[in-house]
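Following: one structure in structure tokens, then a few remarks.
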Amino acid sequence: MVLLLASWLAKYYFFPARSRSLQHAAATAARQRKRNFKDLDSPDSLNWWFKLPKSPMIAISLKDLRSFVREPGQWLQFLIIFALLSLYAISLRHMEYDRSNSQEAQMFAFLNLSVCALALSTLTTRFVFPQFSLEGRRFWILVMSPIQLSRIIIQKLILSTLFTGSATFAILILSGHMLQLPRSDITFFATAIVLLSIGLNAIAVGFGAIFPNLKESNSAKIVSGFGGTLCLITSFAYVASFIGCLIFAHISLIKTGSTTHIYSILANHNALIAVLGAFALTILATALPIIFSIKTINKLVFLDEL
């Protein structure tokens, strides 16, 4: 009886009340928008992003950053992982080993590089690989925009490399100081992690564009598919091969009594070949996924999923 009475009254009061509510919300939004534009004209405006150069690449980068910040499931996991890595780096000062033994110190240094590299490969697979797929059913907007899809791939590569690479670079510098490594060794391993961050982010971005899943909005489910698994395995293989080249270079330097200084590497034939091999691996890991991903997205085959 109450339901019948409510439905009868709703015929006379619901739609007028709904109309007044929407008018009130629209008027409030208009006043807020007008106030925001007035704030933009003021010299002490805090909306600094509007002062950036008007560039499509910057606009897409800001869109990706805002999408990342607005999803707590993404940045909370990212912060937790790097908080744990920071605790790991700080705790290395309590590591008990013979610091006068250079070979033992180098062993711990390479293990530390392996930890940072494997953590970086996991991060790129978890957070960078789904970025292309997270565009979802709105990807047609980017397709219709006056910007080449290949530039979007490059933009995602640069942004992800700066984001994850800088954080891992800071962790490695901190852990190197905690291990009391010489400055030349810290520079050597820091350069290695920079190269690894470029290669790993290129693998994640490229595989994410080659194996997109535009129907899924959950990044964890996107990663658990075939493309995410293949990306993780490829990243591990690249890390193992890269660090293997560096270990071979280090062994070659030890046999001659040299250090990991740049001049010692240039003077040692075997060490130079090993280091150049690591550079070649990085070039292949960066170029091949990006080239194949650009060819894939230019065919627009993935639009059939929309």
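Every number in the working numbering is 18 more than the matching position in the sequence shown, counting from 1.
Ideal Cβ placement from N, Cα and C applies to all residues, glycine included.
Values in this document were obtained by computation on a predicted structure and should not be read as measured data.
- Collapsing the DSSP output to three states places isoleucine 251 in a helix.
- Boundaries of the alpha helix (DSSP H) around isoleucine 301: 287–316.
- Taken atom to atom, the span from the alpha-carbon of threonine 300 to that of serine 132 is near 16 Å.
- Per DSSP, leucine 199 is not a residue of any alpha helix (DSSP H), being assigned neither H nor E.
- One Cα belongs to threonine 182, the other to leucine 138, and the distance between them is close to 7 Å.
- The segment 211–228 makes contact with the segment 305–312, as at least three CB pairs between them are under 8 Å.
- Shown here for alanine 298: not one same chain residue has a beta carbon closer than 8 Å to its own, the five before and five after excluded.
- With contacts defined by Cβ atoms closer than 8 Å, phenylalanine 187 and alanine 210 do not form a contacting pair.
- Three or more Cβ pairs drawn from the segment 192–200 and the segment 119–129 lie within less than 8 Å of each other, which places the two stretches in contact.
- Around the Cβ of serine 178, a 10 Å sphere holds 16 or more other Cβ atoms; the residue is buried.
- Look at the segment 137–198 and you find no whole run of beta strand (DSSP E) that is 3 residues long or longer.
- Note on lysine 239: under 16 other CB atoms within 10 angstroms of its CB, so exposed under the neighbour-count rule.
- Put simply, the segment 260–270 does not touch the segment 163–179. Fewer than three CB pairs are less than 8 Å apart.
- The C-beta distance from alanine 303 to alanine 222 rounds to 11 Å, too long to fall under 8 Å, and the pair is not in contact.
- The beta carbon of alanine 289 is closer than 6 Å to those of Ala267, Ser270, Leu271 and Ile283 in its chain, skipping five residues each way along the sequence.
- Boundaries of the alpha helix (DSSP H) harbouring glycine 91: 90–109, taken from the DSSP string.
- Rounded to whole angstroms, the separation of the alpha carbons of leucine 80 and proline 34 is 40 Å.
- Annotation: the continuous alpha helix (DSSP H) that includes serine 237 extends over 237–241.
- In the three-state DSSP reduction, leucine 27 falls in the helix class (H, G or I).
- Remark: C-beta atoms of serine 202 and leucine 110 do not approach each other more closely than 8 Å.
- Around the Cβ of glycine 91, a 10 Å sphere holds fewer than 16 other Cβ atoms; the residue is exposed.
- Nearest in C-alpha terms to serine 235, of all of Tyr256, Ile191, Ile216 and Arg156, is Arg156.
- Using a Cβ distance threshold of 8 Å, isoleucine 189 and serine 104 count as a contacting pair.
- Secondary structure at glutamate 114: coil, using DSSP grouped into helix, strand and coil.
- The beta carbon of methionine 75 sits closer than 6 Å to the beta carbons of Gln173 from its chain, once the five residues preceding and following it are set aside; these are given in chain order.
- In the three-state DSSP reduction, methionine 75 falls in the helix class (H, G or I).
- The Cβ atoms of alanine 292 and leucine 264 lie closer than 8 Å to each other.
- Cβ-Cβ distances below 7 Å link proline 148 to Gly226, Ser237, Ile240 and Val241 in the same chain, with the five nearest sequence neighbours on each side left out; the list follows chain order.
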